[in-house]
Amino acid sequence: MPKDELKGGFRLIGTRPNRPDGLDKVTGRARYGADIVAANMLHAAVVRSPHAHARIKKIDASRALALEGVKAVVTRADFPTGLTGEDWNLQENTIAGDTALYDGHAVAAVAATSALVAQDAARLIEVEYEILPHVTDVDAAMAPDAPVIRAGYADHSVPEGMHPNVVRYIDFGHGDTEAGFAAADLIREHTYKTEATHQGYIEPHACLGQLGADGRGEMWVCTQGHWYIRRMCAAVLGIDAANLRVTPSEIGGGFGGKTTIFMEPLALALSRKAGGRPVKLVMSRAEVLRATGPTASASMDVKIGMKKDGTITAAAVNFRMQGGAFIGMSPVTEALQCAFACYDIPALMHEGYEVLANRPKAAAYRAPGAPMAAFAVESLLDEMCRELALDPLRVRLKNAAKEGTKSSYGPSYNRIGFVETLEAALAHPNLAAPLGPNQGRGVASAFWFNHGGETSVSLAIGEDGTVQVSVGTPDIGGSRASIALMVAERIGIEYDAVRVNVVETGALGVNEPTHGSRATFASGKAAVEAAEQAIAEMCRRAAAEWGIDAEAVEWVDGAACPAGPNAGKFPPMTIAEIGAKMGGTGGPISGHHESVPGGVGASFGTHVVDVEVDPATGKTTVLRYLVVQDAGRAIHPAYVEGQYQGGAAQGIGWALNEEYVYGADGRLQNPVFLDYRIPVASDLPMIDTVIVEVPNPGHPYGVRGVGETGIAPPLPAIANAVAAATGARLRSLPISPPKLLAAMKHK
Amino acid sequence: MTKIHVTTTVNGETAEFLTDPRETLLDVLRNQLGLTGSKEGCGTGDCGACSVLVDGVLVSSCLVLGVEAQGKTIETIEGMADPKGDLHPLQRKFIEHAALQCGFCTPGVLVAAKALLAQNPDPTETEIRYWLAGNLCRCTGYDKIVRAVQDAAAEMRGAA
Amino acid sequence: MTVRVHLWSGLRRLAGGADAVEVEAATIGQMFDALIALHPGLEPFIKAGVSVAIDGEVTSGGRNIPIAPENEIYLLQRVKGG
Amino acid sequence: MRYHAVESFEDAVRIAASSRGTTRFLAGGTDVLVQLRAGLVQPDDLIDLKKINGVKDITRRADGGWDIGAAVSGAELGAHAALCRDWPGVVEGMRLVGSTQVQGRATLTGNLCNGSPAADSVPGLVAAGATATLIGPEGTRTIPVAEIPKGPGRTNLKPGEVIKAIHLPPCGANAGDAYLRFIPRTEMDIAVVGCAVSLRLDGDRVSEARVALGAVAPTVMLVPEAGAALVGSTLDDAALDALVTAARAACRPISDKRGTVEFRIEVAGVLARRAALIAYARAKGETA
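Here it is in C-alpha cells:
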C-alpha cells in the first residue's frame, strides 16, 4: 500500500455517500432478528427465576405439556454435562443448573404453536425454589459476612484471606509511587462509584433456530458476531460448530451486548426436542434488562499527586467491579488499563478485584471499563485543577501522552492523537460560550485501545466489472458504506460499483464480532488487502493478453495500464473489460484475506459540556456538548460523527439517569424503558463534533476505530460541569436529582 | 380461544385477518400481514418503534389491540413511499443525513415525523425533539435525526 | 537471540520480582515456552491467554509472530471490546 | 379473553355484571394493554367503550362547564382550543402523560382509573373541582374526582362501575390553573412529584385557590391549607412561602426508585410555588 495515501488527496474517502442498506432501512424492508418466519415454525417462551439466589428444588412441566399446542419443554437436564471454563459459564447462564443465580436467570423454556400459547405454557411450569441469601452490591459482596455465591472459583491471582466472591486480582504499574507522591504539592484521594447500566439497544434479542436429531442446524439471529454465536451454541449444546450455520440478521444495536449468547441455545434445544421444527425466540424488553449482559457496577479508589503547575507526579487506583455471578465478566482489567492511559505519569500503581454478585452475567458495553475509570480519574483530576486554580484542559495537555510515551498499561505509544484533541478542544468556539447563573462547564478525556481480531474477507470481480465484498462483521452503524468506500478508492471505481455483503458463517473463515471498534478497521483493512490480490490478478490477466510481464503492468483508476513507455503501448484495460472476459482468461477473479490484523491504532477523545442545574430541584440540563476525537482518518465522516454523537448520548445517560436499581429482595426494580431512563430526543442538545485526523500508520487509509472511546468522557465531563455549576461534587453515578439536590444542600 | 375476524385497511389495501383478542395491532401487522417494518422494542409504549397511524392518529401499535383495527385505516412504514417506490422526503433525508445507524428505530421515527409535519410544516428544533420524545434511538444521539426532519420539512414546504 | 520481556506487576511476583525477564526466543511462542521454563508460576497466566505488545502495538499473541532483541515487548492482560 | 365492543354504557355494565371472571374496560388502553402484556392481569372479559355514542365528545354545558367523554384522548383534549383556554392546567396535566403516540390513545378516565398517585392528569382535575359520572349495576352517580383514588392501583369505584364522563365546572372570570410535575428526564417519565394550582382573582388578590399534589401520598390529594395560604394575597413572597410550607407539610411520600421522601417533600414546595405563579399569571390574562 502506497504510504503517501496517508497524506490524503482521495477521490472517495472522506465523502458522505448514501449507505447501501439505507433504502431497506427507511422502508421497513430490512430484516432484523424477529422479522423472519419459517415453515412449520414454533414460538418459544422462557421461565425465569424471580429470585436473586435460589436453589431449584423441582421443576414440574406436566401442566404446560398438557396444554394444546405445546411441543417441547427444556430444562438444564436437556443439555450436556461436563463443560468447563467459559463454556460451562455460558451454559450455566443460558439455563440454570441447581441454583438460580440472579433475578431473571432462565430456568426452563417451552416451545408451542403460537407465542401466546408458549407464554401461557410458561406460566404453567411450576418451579419450587429454596431461597438463598443474596448480594448485589460490589462492596457488600466483598464484605466478610457476604453470602458466598460460588465457592472455589477464585483464580490463582487472588490473595489469601479474601472473601470467596473475590475471584480475580490484577495489579500492574511502573515507577516509584512513594517517591512520586513525596514529590507532589497536592495529594488527593477519593472513592467513586458507578451503577450498572445496560447497552439499551432498541432491538431485543431474537433468533430463529433449527436443530435436527443429526446434530445439524441453522440459526438466524441478531448478533454482532455470528461465529461467536456458532462456537458458543455448539459448545453449550455439545454439537459440532461446522454443523451449525448461523446467518446474521440486520442488527438493531448492540454496543457490545450482542457479542455473546443468552437464549440462542434454548431455541436450538427446543427445536431438537420438537422433532427439528424451527423455533423462534424473541425476548421482551423486561427479559433484555433482567437477563442479558449489562455492564459492571464499580467501586473505585483513586489517589493522585500533583505539583502546583499541574504536573502529575504519581497516581494509584484500586478498582472493585462485579460482573454478575460469573467469573471473567467484569471489565476491571480494561478499566485499570484505561485509567491513566491519556497521561505520561512517572509512577503508577493499579490494583483491581473482580467480584461475584447475584446479578446477570455482564457483557461488553462500548469501551468496557473505560467509562467507569474515566469517571473516577477525570473527576479527581478536575477537583485538583480547581483546587490549584489551573485550567483543566491545559493540565491535561501538560501531562498528555504522546508518541513514544510509556503508556500507563505498559508498552510505549506509537503515533497517537491525544494532544491534537486537546488543542482542537481549546480552539473550539464552545469553550468561549458565556455561561449564566447555575451553569457550569466540564471537560474530560478518555482512551480506548481498539482491536484487530480474527478477520476473513472475500472479494470477487463481477462480469461487468463491479465488485462484491463478503465480510463477516455485521453492519451496525454504516460499515458497509465505509468498507465500500475503501475498496472503491483502492480499485479506482465508483462507490456504487462495490456491494458489501455481510455473509453467514458458511461463507467465510472465522470472524470476530463487530466489537472493539474493529469493523471499519479490520474488515476494511482485509477488504483492501483482498482488493490488492484481485488487482494483482487483473494486472496478470492484462499482461497475459498484452504478452508482457505482469510486473510491467500497473493499476491506475480502475484499469490495468502498461507501466511506463518500455512496457509497450496498450490502451488501459478497464476492470469491466477484464471482468467481461475473465471466463476465457483463467476463470473467476477474486481476492481473499485472512488475518488478525496488527497496526491497531488507539483513539483518544476530549469532551466539553455545558450544563445548567435547577438549584431548587437538582435537575441537570445539558446545554451544549462537544466531542473531539481522533479518528485516524474518517472514511465516511457522517458515520464517524454518528459514532461520536451516539457514544456521547449513551455516556450522558449513564451520567445523569441510567442505573440498575435492585430492591432489598435482589429483584431488578426497573426492567422497562419507563424507568430504565435512556436519553430521549428532548433531553439532548445538538452534539457538536470535531473529527481529529492523526492517521494510524498501521492501516492503509489511516483508520483508527472510532466506536467506543466516545462513551467514556461524558461521565466525568458532566460530573465536572455539575460541580462547576453548583459547587457540589458527586462521586457516584448517576447524578440523579435527589442525589444532587441533597449534595447541594450539604456542600 | 375464539378468534375474531377483522376487516381493515392497511396502506390503502383491504386486509382481513383472524385474531386472538389478546394480540396487539403490532402482532397482527407483523405476524399475520407480514408487515415487519413496524418493530417491537418494548411492548409497553415507551420506545415508539411500533409507531403507526390509525385513522390518521399517531399511536404505538403495541398499545392497540388487533380487534380494534376493525373498520379503521392503518398506515405503516411500508406505505410511506409512494406506490411506485419513490421515497417520501423524510425517507430520503434520513439516508442523506446518515440519520440512522442500526436502523431499528427508523421506521417508527419516520412514521412519527411524518405525522408531525402533517400538522406542523415548520417545526422548531424543540418541537421536533418533544414530538419525537417517545421514539427512542440509542445509536445517533438524535442530532442527525433532528437535522433530517428539519431538512425534509424545508423541502416539503418549498415543494408545496 | 535474547529478548527482554516486560511483565505486569502481578506476574513479577511469580518471576522473582523483576519487572522484565530476558529469555532466548525468536518468536512469541518460543518466548512463552522460555518464560514458563524459567518461571513455572507464569504458566497459568500464559495459558489463560495474554496479549503481547510489540513496539507499542498489541498483537494477537500468535506463536509464530517474530520478535527481535530491539523490540519493546510487553505482556498484557487480554483486552475485550464492545 | 373475550372482547366486547359495546354500543352503550348499559351494555358495558351488563356484561361486566354477568362476567364470572376478571373484567377490564378498554378506553385508551395504554395502561390495560401494558398490564395484559406483562401478565399482571389476565382479564376474562375486555369491554371496549370506544364505540359508545358520545364517548369521544367534548361538550360545553349551558353553565359554561365542560363534559369530557370517557374515550377522549389526550391529543383530542389538547386540540380543543376553547377547553385549553378555560382549563389550561387540566389539559397540560393530561398532555404530559406519555409520548405523542400515547397521547393518541390515553384518556383522562383511564389515567384516573389506573389509580396511580403519580397520575399526571389527576391533580389538575382535583384542583379544578372536577366531578365524574359513574355508571354501574346500581345505577348512575356523580362524585368528585378527588374521591375516586383510593390508594396505589385502587379506586373507590364499585365492582362493575365505569366512568361515563368527566365534568369540569365553569372556569368563570379571572381564573387560572396550572400543573407542573417533576421528572428526571424531559419526557416519558412517571411524575416524581406533581402539583396543580387552580385559583381565581379579585383584582390582584386571590379570592379562591385549590392546590392538589400528586406522588407524595398514597393518592392524589387536595391540600386545603395550601390553597388557604394563597387566599387574600397578591401572591407575595409571604403567601408563597406559606403555600410552600403547607404543601410540604401535607406530603406523606415514600422513597422508591423514582425519588426519596426528602426530595419529594422539598420539590412539592418548589412546584407549588412555580405552579401558583403560572396560574396567577393566567388568571390575569397573561400568557404563560
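One line per chain: the protein sequences are A, B, C and D, in this order.
Under the working numbering, the first residue of the first sequence is numbered -7, with each subsequent residue one higher.
Under the working numbering, the first residue of the second sequence is numbered 78, with each subsequent residue one higher.
Under the working numbering, the first residue of the third sequence is numbered 316, with each subsequent residue one higher.
Under the working numbering, the first residue of the fourth sequence is numbered 3, with each subsequent residue one higher.
Cβ coordinates follow ideal geometry from the N, Cα and C atoms, glycine included.
{"Check": "Helix, strand or coil at residue 638 of chain A [DSSP, three-state]", "Outcome": "helix"}
{"Check": "Local Cβ density within 10 Å of residue -5 of chain A, reported as buried at 16 or more and exposed below that", "Outcome": "For residue -5 of chain A, the predicted structure reports a pLDDT of 39, less than 50, and the residue's modelled location is therefore unreliable. A value from the coordinates is still provided. Exposed."}
{"Check": "Helix, strand or coil at residue 577 of chain A according to DSSP, with G and I counted as helix", "Outcome": "helix"}
{"Check": "Buried/exposed call for residue 558 of chain A, threshold 16 Cβ in 10 Å", "Outcome": "exposed"}
{"Check": "Straight-line Cα distance separating residue 288 of chain A from residue 167 of chain A", "Outcome": "30 Å"}
{"Check": "Inter-stretch contact at 8 Å, needing at least 3 Cβ pairs: the region 101 to 118 of chain D / the region 207 to 216 of chain B", "Outcome": "yes"}
{"Check": "Same chain only: Cβ atoms within 8 Å of residue 11 of chain D, ignoring 5 sequence neighbours per side", "Outcome": "51, 54, 137, 164 and 166"}
{"Check": "Span separating the alpha-carbon of residue 716 of chain A from that of residue 513 of chain A", "Outcome": "38 Å"}
{"Check": "Within chain D, the residues that residue 144 of chain B reaches when beta carbons sit closer than 7 Å", "Outcome": "5"}
{"Check": "Three-state secondary structure (DSSP) of residue 255 of chain A", "Outcome": "coil"}
{"Check": "At least 3 beta-carbon pairs within less than 8 Å: the region 130 to 143 of chain B vs the region 186 to 204 of chain B", "Outcome": "yes"}
{"Check": "Supposed contact pair residue 243 of chain A and residue 202 of chain A - C-beta distance, whole angstroms, cut 8 Å", "Outcome": "Not a contact, Cβ separation roughly 20 Å."}
{"Check": "Per-residue DSSP class, three states only, for residue 352 of chain C", "Outcome": "helix"}
{"Check": "Coarse secondary structure for residue 359 of chain C, derived from DSSP in three states", "Outcome": "helix"}
{"Check": "Short CB-CB distance (under 9 Å) between residue 337 of chain A and chain C", "Outcome": "no"}
{"Check": "Within chain C, partners of residue 401 of chain A - CB distance below 7 Å", "Outcome": "391"}
{"Check": "Residue 461 of chain A, DSSP secondary structure in three states", "Outcome": "strand"}
{"Check": "Alpha-carbon to alpha-carbon, residue 196 of chain D and residue 257 of chain D", "Outcome": "15 Å"}
{"Check": "Run of the alpha helix (DSSP H) containing residue 321 of chain C, from where it starts to where it stops", "Outcome": "Note, residue 321 of chain C: premise wrong, no alpha helix (DSSP H); beta strand (DSSP E) at 317 to 321."}
{"Check": "Where the beta strand (DSSP E) through residue 47 of chain D begins and ends", "Outcome": "47 to 50"}
{"Check": "Beta carbon proximity, residue 611 of chain A to chain D, threshold 9 Å", "Outcome": "yes"}
{"Check": "Close beta carbons around residue 105 of chain A, own chain, < 6 Å, minus the five adjacent residues each side", "Outcome": "61"}
{"Check": "Cβ pair residue 533 of chain A, residue 552 of chain A closer than 9 Å", "Outcome": "yes"}
{"Check": "Boundaries (first-last residue) of the beta strand (DSSP E) holding residue 134 of chain A", "Outcome": "Run containing residue 134 of chain A: none in the beta strand (DSSP E); it sits in the alpha helix (DSSP H), 130 to 134."}
{"Check": "Residues sharing a beta bridge with residue 493 of chain A, DSSP", "Outcome": "A:462"}
{"Check": "Residue 106 of chain D to residue 95 of chain A span [Cα, whole Å]", "Outcome": "35 Å"}
{"Check": "Interface positions of the region 176 to 191 of chain D facing chain B (Cβ-Cβ less than 9 Å), listed along the chain", "Outcome": "187, 188, 189 and 190"}
{"Check": "Unbroken alpha helix (DSSP H) run spanning residue 19 of chain A, endpoints", "Outcome": "14 to 19"}
{"Check": "Per-residue contacts from residue 667 of chain A into chain D (C-beta, under 7 Å)", "Outcome": "259"}
{"Check": "Reference residue 527 of chain A; option with closest CA among A:580, A:504, A:562 and A:556", "Outcome": "A:580"}
{"Check": "For residue 113 of chain D, three-class secondary structure by DSSP", "Outcome": "helix"}
{"Check": "Residue 58 of chain D - containing alpha helix (DSSP H), residue span", "Outcome": "Run containing residue 58 of chain D: none; DSSP gives neither H nor E here."}
{"Check": "Proximity below 9 Å, CB of residue 44 of chain A to CB of residue 659 of chain A", "Outcome": "yes"}
{"Check": "Alpha carbon of residue 174 of chain B to alpha carbon of residue 181 of chain B, nearest angstrom", "Outcome": "16 Å"}
{"Check": "Chain D contact for residue 201 of chain B (CB, 9 Å cutoff)", "Outcome": "no"}
{"Check": "Residues from the region 117 to 140 of chain D in contact with chain B, defined by Cβ distance under 9 Å", "Outcome": "none"}
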